[in-house]
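**Student:**
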Amino acid sequence: MTNPTEAATFRFDKTMLDQLRVEAEQKQINLNTLLNQIVRSHIEWHANAARAGFIPIRRGVIKRLFDLLTKEQIDALAADVSRGLTDETMMIMTSERTEETIYELLERWIRISGFNYRHEISEDARIFVIQHNMGENWSHYISRLIEYAASEFTDMKPETQVTENALFIRIRRVRH
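Here you go:
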């Protein structure tokens, strides 16, 4: 079921509007669709990310930093960061902390980061395949972060497979 829509009129600087038209044409979508994507991205992420402690940083910097860490240091960092996904952070980013909002936040972050990904939901599992091109240590970090977060917020243990530039995560649903 789709949400109802409503028409609105906005005024844009001509140069910005021309740039938006070019981007829409490059993406082979209409201007309205592009503007909806931009607004959704703002509402779902950018409006609250800084208050929740997220900062924009270049991928190359993160990759180089992670290349300097040992697996043990990465494990400790992932555990520490997962503990930082407090109720406050979740409330700022998603308005509540539930199993579903954890996955929602993960998918938003993957999308905002510009990673190629696939997210499948079935009766018995949820699968994320993330191609990040940031190295094996980054794959290891994300897999451990998700494992720690899942154990803290759910009673599930994700199955992860890491490669140098991609990550496979399967989270099986628990039958009660």
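Okay, so the sequence shown: first residue is 0 according to numbering that gives the first Met the number 0, each after it adds one.
Don't be surprised by glycine CBs; every beta carbon is placed ideally from N, CA and C.
(1) Starting from the C-beta of Q160, find all residues in its chain whose C-beta is less than 6 Å away, skip the five residues before and the five after it, and write them out in chain order.
(2) For the segment 38 to 83, which segments carrying the alpha helix (DSSP H) assignment without a break, of at least 4 residues, lie completely within its bounds, in sequence order?
(3) State buried or exposed for I28, treating a residue as buried only when at least 16 other CB atoms are found within 10 Å of its CB.
(4) Which runs of the beta strand (DSSP E), 3 residues or longer, sit entirely within the segment 77 to 150?
(5) Kindly give me the distance between the Cβ atoms of E135 and E163, rounded to whole angstroms, as I take these residues to be in contact under 8 Å.
(6) For the alpha helix (DSSP H) containing I8, name the first residue and the last one.
(7) How big is the Cα-Cα spacing for I61 and E106?
(8) Of the choices W108, F11, A78, whose alpha-carbon is the least far from that of E43?
(9) Counting Cβ pairs, one atom from each stretch, are 3 or more of them under 8 Å apart for the segment 21 to 41 and the segment 67 to 80?
(10) Out of E103, A149, R63, state which residue places its alpha-carbon closest to the alpha-carbon of N132.
(11) What residues are listed by DSSP as bridge partners for R169?
(12) Can you round the beta-carbon distance between I91 and R58 to whole angstroms, since I take them to be within the 8 Å contact cut?
(13) Let me know the secondary structure DSSP gives N31 once reduced to three states.
(14) So what's E24 in DSSP terms, helix, strand or just coil?
(15) Pull up the distance between the alpha-carbon of L19 and that of T4, whole angstroms please.
(16) So the candidates are S81, T88, E122; which of them puts its Cα closest to the Cα of R143?
**Tutor:** On the basis of the coordinates in this document:
(1) F167
(2) 58 to 66, 70 to 82
(3) exposed
(4) 115 to 120, 124 to 130
(5) 5 Å
(6) Residue identity differs from the one stated: residue 8 is Thr in this sequence, not Ile. First-last for T8: undefined, no H or E at that position.
(7) 19 Å
(8) W108
(9) no
(10) R63
(11) I126, E158
(12) Not a contact, Cβ separation roughly 24 Å.
(13) helix
(14) helix
(15) 21 Å
(16) S81
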